[in-house]
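In the numbering used here, the protein residues as written are 9 to 60.
Heads up, the beta-carbon is just placed ideally off N, CA and C, and yes, glycines get one too.
Here the structure is a predicted model, which means the values were calculated and not measured.
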């Protein structure tokens, strides 16, 4: 696994087994402050077996 800052780590030794737990969508806001339908980012929640 390569992290955004360039570090390369051994995923199994660092995290163990990763499990997907949830996904959250964040949308852009219109000029009037209401949420638009345009996706800004998607956040994935993961849990690992080594750190709880």
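Nearest neighbour of residue i, chosen from the options [CA to CA]
| i | options | result |
| --- | --- | --- |
| residue 50 | 32, 24, 43, 14 | 32 |
| residue 57 | 24, 15, 37 | 24 |
Inter-residue spacing [alpha-carbon to alpha-carbon] between residue i and residue j
| i | j | result |
| --- | --- | --- |
| residue 46 | residue 35 | 6 Å |
| residue 41 | residue 52 | 25 Å |
| residue 48 | residue 39 | 15 Å |
| residue 43 | residue 19 | 36 Å |
Sub-8 Å separation of residue i and residue j beta-carbons
| i | j | result |
| --- | --- | --- |
| residue 22 | residue 55 | no |
| residue 17 | residue 26 | no |
task: Quick one: which unbroken beta strand (DSSP E) runs of 3-plus residues sit fully inside the region 10-53? Chain order, please.
output: 26-37
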